[in-house]
Amino acid sequence: MRLVFVTQQVDADDPILGATVAKLRALAERCDELVVLSLGTGAHDLPANVIVRTFGAPSRLRRGLRYERVLAPVLAGRPDGLIAHMCPIYLVLAAPLAKALGVPLALWYTHWKIDRTLSLATRLCDAALSVERSSYPLDSPKVHALGHGIDVAQFAERREAPAAGGTLRLLALGRTSPSKGFMTLLEGLERAVEQGVDATLELRGPSTTAEEHAHRAELERRIERAPLRGRVVLEPPAARPRVPELLRRFDLVVNPTRGQAHGAALDKVVYESAACGIPVATCNPHFGQFLGGLPLDLRFRSDDADDLARTLGRFAASDVDARTATGRELRARVERGHSTETWADGVVRVIRGLAPGERRVPGRGAVPDRR
């Protein structure tokens, strides 16, 4: 099988897109050749059957032109499929030539945002790939749920038993955007502390927009107020290779990101924490299936600081056995349905399902499929 994968960056150290490298590695193990087209490259350990070509340029127009120039000879070789990763415009630009050559098109997308480009890409694609059906923001029969694709070797389960008693160590990761719910987290922690919970919190994440910088300042002011002063720190994002070690240092990861009505924001950190065997508390109802039926129910209502405080209180009162059993079951669920291996198997299965018994090349009639 020969595939084309279009993404923004191939860089294992990138704090946002670094996880893509592990997905590419798993996909390459199932391909004879994998051609990756990206804006740029950085650190990676991709095998010899992966060809990386870049199309980065200073302006959007020049990027589009370079993309078309790089893409044309790749599609002329009639690969078995093209996968556009998170950027619907890549699929839209590839569609005219790909469809003329009979190359199947797939879009990987897991976000709540809907725009005209996504709508057009969904109409043009042969398959839409996402974590769950609910994480694709448009209702389409083309959607295939493949899991999140977590590198379970990198995000290995912690070896030591979780602590019980003493100060509860909490961690939250994400951009300092109001939609991430960090203010609700601070309010919930404040109320839990007032109710007798002994806990500390480490918040880590980037601020890249004016809104995120402004909200970061609001969070910093709230942290300086009693009773949070001395209990909460707000830090920059951790380098991607350090994230697994960071997760394993904490008792509980809290993910207060609000669930969206269309396109569930299924934050990757929930699955990465679960892979490490770390219990996760979240308010996103779209995690109901993944987090349901655990020894510890750590779900709370969105934007409800009182309910979060009660959840933190229940976890603080739990024993080692309950925390251990919860972590082990979370790890098992990631291995069964959200690893890079199961993700890559799913991609290959979908692409093979799109392949006809024979494909037509314009001007040449029927050409046998030699996959």
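Everything in the sequence shown is counted per my numbering, starting at 334 for the first residue and increasing by one. Don't be surprised by glycine CBs; every beta carbon is placed ideally from N, CA and C.
Can you tell me whether DSSP reads R664 as helix, strand or coil?
It is helical.
What distance in whole Å lies between the Cβ atoms of P495 and D584, which are believed to be in contact at a cut-off of 8 Å?
That belief holds up - the Cβ atoms of D584 and P495 are roughly 6 Å apart, short of 8 Å.
Leaving out five residues before and five after S635 in sequence, what residues of the same chain have Cβ atoms less than 7 Å from its Cβ?
Excluding sequence neighbours, S635 sits near R591, G592 and C616.
Classify G686 as helix, strand or coil using the three-state DSSP reduction.
G686 falls in the helix class under three-state DSSP.
Since L631 and F648 should fall inside the 8 Å C-beta cutoff, what is the C-beta to C-beta distance between them, to a whole number of angstroms?
Rounded, the Cβ-Cβ distance is 6 Å, consistent with contact.
Am I right that K601 and A359 are in contact with their C-beta atoms under 8 Å? What's the rounded C-beta distance?
Not quite, the Cβ-Cβ distance comes to about 16 Å (not below 8 Å), so this is no contact.
Does DSSP put L372 in a helix, a strand or coil?
Strand at L372.
Helix, strand or coil for V734 per DSSP?
Beyond the ends of the chain as shown, which are 334 and 704, falls residue 734; an answer cannot be given.
Could you check whether the segment 497 to 505 touches the segment 463 to 481, counting it as contact only if at least three pairs of C-beta atoms, one from each stretch, sit closer than 8 Å?
The answer is no - the segment 463 to 481 does not touch the segment 497 to 505, with fewer than three Cβ pairs under 8 Å.
Do the CB positions of P391 and P570 come within less than 7 Å of each other?
No; because the gap between Cβ atoms is not below 7 Å, this pair is not in contact.
Hey, quick one: how far does the alpha helix (DSSP H) through Q528 stretch, first residue to last?
That residue, Q528, is in no alpha helix (DSSP H); it is neither H nor E in DSSP.
Could you give the uninterrupted runs of the alpha helix (DSSP H) lying entirely in the segment 596 to 620, keeping only those of 4 residues or more?
DSSP runs (the alpha helix (DSSP H)) wholly in the segment 596 to 620: 601 to 608.
Among R411, G521 and L641, which has the Cα closest to the Cα of A433?
For the residues R411, G521 and L641, the minimum Cα distance to A433 belongs to R411.
May I ask you to report which of helix, strand or coil DSSP gives E674?
Helix, per DSSP.
Jot down the residue ranges of each uninterrupted alpha helix (DSSP H) in the segment 348 to 372, minimum 4 residues, whole runs only, in chain order.
Correct list: 353 to 361.
My output table needs one value for H548: the three-state DSSP class, helix, strand or coil.
Correct three-state label for H548: helix.
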